[in-house]
Amino acid sequence: MTDILRSWIGGALPDWLIVLIAYLLVTLIVLFYAVGNFIMMVWAERRVIARMQDRLGPNRVGPAGLLQPIADAVKMFTKEDIVPRNADRWVHLLAPIVALAPVAMMLAVVPWGRGWEPIDLNVALLYIVAVSAVSGVGLMMAGWGSNNKFALLGAMRAVAQLVSYEIPAVTALLTVVVLAGGMSLLDLPYMQAGVPIMGATILCGDPAGCSPLLYSTVTSFPGSPNEPVQALDLGLGWWVFTPVGFLGFLVFFIAALAEGERTPFDIPEADSEIVAGYMTEYSGMKFATFYIAQYILNFALSALAATAFLGGWQGPGVAALANMGGPWVHVAAALSAFYLLAKIWILFFVMIWLRGAFPRLRVDQLMDFAWKLLLPLALVNIVSASLMVGLTQWTSAQWGGLVNLDGFAPWQRQLIAVLVTAIINIAAAYWILAINQRPREAEWDEEELVIAP
Amino acid sequence: MNTLITVLFLIFAAIILASAIMTVTVKNIVHAALWLISSFFGVGALYLLMEAEFLGVAQVLIYVGAVSILILFAIMLTRDLEGSQNRQLTPRWWIALIVPAALFSLLIVPTVMTHAWQLPPPPPAGQPPAISGAQQIGAAFMREYLLPFEVAAILLTVAMIGAIVVAFEERERRRRVLTLAEQVRLRQRQQQRQQPAPRPEPAATAVQPSEATGSET
Amino acid sequence: MTTEIQTETTEIQTTRGKVYVIDRGRTTLRAGQGLLTGLEVVFRHFRDALTRKLERPSQQTGVFTVQYPEERLKLPEAFRNFPILLYDDETGQELCTSCFQCQRICPPQVIHMTQARDPATGKPVPAVAEFLIEYDACMSCGLCAEVCPFDAIKMDHEFEYSTDVHGGLTLNKEALNRPISYYEKIAPTFWAEVKDSAMKKLQGNMKRRPDLIGVAPQMIEKIKAKRAEAAAQAPAPAPAAPEAAPVDKAARLAAARARAAEKAAEAVPEPATDSAPTDKAARLAAIRAANAAKKAAAEGAALAADAAPPASGMPADKAARLAAIRAANAAKKAAAEGAAPAADAAPPVVESAAPAADAAPPASSMPADKAARLAAIRAANAAKKAAAQRDGSEE
């Protein structure tokens, strides 16, 4: 973006101003992209959940109800902004902003398409986690500033949930860090080129005879860490197809549901229990701000999950188009952006689907689920990820002579790694599920039992 | 670029100092915690200004995302949040001012006096060594500072085990209360034990599925 | 996933009360299996809702939404919203006779009406002059329709009355009127049940309504046009009508007078001699009978009894019959009324009551029609009863 602006208005403006304008433009584009998606998500959620409940959903405003979010927005804007008399005025005012700002900041590091990256941050994954943790402060401020018991209860629940589900989420993302050897999000889609399960390990035997439509140059994992090779690339080497990636994706997605306060985990705003949680005392635009924050958080988490495990913008045809060079690169970028958007929307559909199917968890069930099931699984997954990297990339010397795979072809090493990690992950999943079963009733000792009055 | 960075540094420094002062002067302790968070943010921004992204992000993650949340949690459990009965200053506040000032100067003054300051600093020769990337920090933990790292890890583990032990003691003392479903199943088994053939009961009026009866203690 | 369901109910006594447990024969689910089943069910609903509507009740999936303004469910016959008034399609005659039953029973008291009066005589007729219902306060209880003895007020199925004009929901007779055919369409079985009696009552009432009184306002023009048409088309039968009309009218008049006499009997009795001049034999005799009955309150039932036989003996004229019935009623009432206040001065009255009873048999032996006889018998019975009562009170 900066380069484009430089070429357009070259010397007319000082360089720092051009940089600033470029950043501003990119920020605006990303924010509008997110807000546009938010509007569509609100509409889609209402329509889809309606179909799941055998209804039609909003279909009056505009064609198929598409303008319903606009009508909602108009309503939100024109509503009276009420601040409770004994509320902490400033905290009450700042809370929605503190909740929304970090969520919007998360969008900055996501690669939205091939070559469409707002910021190249080398600690992007950690940045996303850190920034999403900040929104907890906003929720706490909302709960406390409202001077309302339901709001405070909701905020307490929200923050407790955020803090405990951050740990499985981060641990699941750690597998990605181990696999990728870094925390930058930009490299992740490039690393997920290739074919399912095998990744980019099926190399081209004869560099001259390989069509650029099927083969592309891969510089890093899996296979050969540093020297560029020609590998079969269908754009489907997503990590979710490997055992490590699959488990990591499951854990991360569930944790993301909890962080985004989606339905099985919508305890903080359980409307049947505590009205609307921390949003109880909010109305008008402040409420809308929370609402936007929540949906954009879901959007960002879906984008993160898609980028980290589902290949990001990677998909069939992107590499081929990019290899054709010239204007096709831009077509490839557009196609890749479409792929990422499609993945985000599929994940969002799953979120709606879960909302349509499952009831809300209890708080203790929520905590049990995070600490007794997701966290151990994620920890086991890190071990698997390390093994995966070791089996596919390490030389015999790095293993200290314990394992010698130097003679094998990359696809053979990949296959071995997949098998080993699959065994480990399945065994661990079985074991952890088994020890999480409820104690058998035969173990009850009747004298110790207390019958409730 | 340098002036811009200087200006930004001054802004962040002012924010940090102002927030820190507000933290210790406001009466309402929730506000104090919020000012503290703002101060943490300023520190994170300073790290970013130094191009230490990892440290900056870690600062935000740990101090804003975790520590301050815990502080807020603790505060929510205290009484007199408004701080209406708290006195900010005691009659001997000047003693409290002198002692830390003396300690601070004891530590800082020799450094300031002895250090060979080069103003302005010499231009960096070539690529300066990155000091704060995740890989550097990891390498440092695993090689140079392995022993302190491990000791800290053991300390934290012990603390965690202690917390669990405390929590479990609490759990032991708590009596187990059966859910209705569990109670029903228990009675069922007792009946079966006493009379092998369970008597069939015709035409129940208030019928509840066994699953629906549970989940409430 | 669905296993064979065998319901075996067991009863378990817990400390928290009795619990009935149904064993559904559930197989144990593996971890997550139940969740997946739930997802599958929800997805099936989602998929089917995209493609089809819920048409049969046995169908489990499909959109059940009825897009209201465009699509409507058929309302059940017994659906009730706001009351309406019915009128006859042919004649335009309203079924309402302004009996005030609905006005009395209406819990929120939103029904108001005034009775129509004959412009010629100023006497009330069994028709309604104006009828108001405040729909905005109506609670749709349907009591007015339940209580209406003429099936004139019924509950409508129309429910779209949203308006921003508050006063617009107070409806007058013209707005309330619906033809019977309309009601027959929305509630065919209900109307079939009451049709005969309602129409019969309407025929009776129509006779007592002068000219266009009681005709639905929106039908007046039509009826007039129809009449003019009929008059133009058939000049021949026209004379017959005027001929019949006076008779009818006279009969009605007589009836009205008889009723007036009834009323008067309740009030201070005064000698009713103004109608004495003898002109038209039968009918006036009947009127006289009524007057006599009125007198009887003061003088005794004897005269009434005397007067009755001639009345019953008249040729089979409906008016006469009616008059006779009225006379009988009047006699009854007079006797009864004379009984209570004048218990001390009874003897002469008792004595005069006896001849009334004697006078009855001749009436029954008359060759006149059945109704007249019946009236006479009733008169006799009333007289007898009065006598018996007087006996009782004397003792």
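These protein sequences, in sequence, are chains A, B and C. Residue 122 is where the first sequence starts when you use the working numbering, and the numbers rise one by one after that. Residue 99 is where the second sequence starts when you use the working numbering, and the numbers rise one by one after that. Residue 76 is where the third sequence starts when you use the working numbering, and the numbers rise one by one after that. Glycine is no exception: its CB is placed at the ideal position from the N, C-alpha and C atoms.
Drop a sphere of 10 angstroms on the beta-carbon of residue i, count the other beta-carbons inside from all chains shown, and report buried for 16 or more, exposed for fewer.
i: residue 166(B); result: buried
i: residue 419(C); result: Residue confidence is low: residue 419(C) scores 43 on pLDDT, short of 50, so the model does not pin down where it sits. No coordinate-derived value is stated.
i: residue 236(B); result: exposed
i: residue 286(C); result: exposed
i: residue 525(A); result: exposed
i: residue 384(A); result: buried
i: residue 242(C); result: exposed
i: residue 120(C); result: buried
i: residue 197(B); result: exposed
i: residue 102(B); result: exposed
i: residue 224(A); result: buried
i: residue 370(A); result: buried
Apart from the five residues on each side of it in sequence, which residues of its chain come closer than 8 Å, Cβ to Cβ, to residue i?
i: residue 173(B); result: 127, 128, 131 and 179
i: residue 152(C); result: 261, 262, 263, 264 and 265
i: residue 295(C); result: 167 and 287
i: residue 182(C); result: 214, 216 and 218
i: residue 517(A); result: 524, 525, 526 and 527
Output needed for residue i: all residues of its chain with C-beta closer than 7 Å, excluding positions within five of it in sequence on either side, in chain order.
i: residue 56(C); result: In this structure chain C extends from 76 to 470, so residue 56(C) is not present and cannot be described.
i: residue 238(B); result: none
i: residue 178(C); result: 186, 187 and 188
i: residue 155(C); result: 215, 217 and 230
List the residues of chain C whose Cβ lies closer than 8 Å to the Cβ of residue i, in chain order.
i: residue 282(B); result: 87, 89, 94 and 96
i: residue 474(A); result: 114, 117, 118 and 121
i: residue 169(A); result: 121
i: residue 278(B); result: 89, 91 and 94
Which residues bound the alpha helix (DSSP H) around residue i?
i: residue 486(A); result: 484 to 489
i: residue 292(A); result: 270 to 301
i: residue 276(C); result: 263 to 282
i: residue 159(C); result: Not the alpha helix (DSSP H): residue 159(C) falls in the beta strand (DSSP E), residues 158 to 162.
i: residue 190(C); result: Segment 186 to 192 is the beta strand (DSSP E) holding residue 190(C); no alpha helix (DSSP H) there.
i: residue 212(A); result: 210 to 227
i: residue 266(A); result: 245 to 266
Which residue marks the beginning of the beta strand (DSSP E) containing residue i, and which one marks its end?
i: residue 207(C); result: 199 to 209
i: residue 253(C); result: 252 to 254
i: residue 397(A); result: Residue 397(A) -> no beta strand (DSSP E), and no H or E assigned at all.
i: residue 353(A); result: 350 to 353
i: residue 229(C); result: 228 to 230
Considering only residues of the same chain and omitting the five flanking positions on each side of residue i, which have a CB-CB separation below 6 Å?
i: residue 501(A); result: 549
i: residue 157(C); result: 210, 213 and 231
i: residue 171(C); result: 160, 203 and 227
i: residue 124(B); result: 130
i: residue 182(A); result: 188, 189 and 192
i: residue 331(A); result: 325 and 351
i: residue 372(A); result: 289, 293, 495, 498 and 499
i: residue 476(A); result: 384
i: residue 419(A); result: 381
So, under 8 Å CB-CB, residue i and residue j are touching, yes? Tell me the CB distance rounded to an integer number of Å.
i: residue 180(C); j: residue 231(C); result: 18 Å between Cβ atoms; not a contact.
i: residue 434(A); j: residue 317(A); result: At roughly 17 Å, the Cβ-Cβ gap does not stay under 8 Å, so residue 434(A) and residue 317(A) are not in contact.
i: residue 209(A); j: residue 137(A); result: At roughly 40 Å, the Cβ-Cβ gap does not stay under 8 Å, so residue 209(A) and residue 137(A) are not in contact.
i: residue 491(A); j: residue 465(A); result: About 24 Å separates the two Cβ atoms, so there is no contact after all.
Listing by chain order, which chain C residues have their CB less than 9 Å from the CB of residue i?
i: residue 285(B); result: 87, 88, 89 and 94
Who are the neighbours of residue i on chain A, taking C-beta pairs under 7 Å?
i: residue 163(B); result: 251, 254, 255 and 257
i: residue 129(C); result: 175
i: residue 155(B); result: 244, 247, 248 and 251
Below 7 Å on C-beta distance, what does residue i contact in chain C?
i: residue 477(A); result: 117
Taking C-beta pairs closer than 8 Å, name the residues in chain B that residue i reaches, listed in chain order.
i: residue 520(A); result: Result: empty, since nearest Cβ-Cβ is about 17 Å, beyond 8 Å.
i: residue 262(A); result: 132
Quick one: which chain A residues come within Cβ less than 8 Å of residue i?
i: residue 138(C); result: 172, 175, 176 and 177
i: residue 166(B); result: 258
Just to make sure I have the definition right: I need the residues of chain A whose C-beta is within less than 9 Å of the C-beta of residue i. Which are they?
i: residue 151(B); result: 242, 243, 244, 247 and 248
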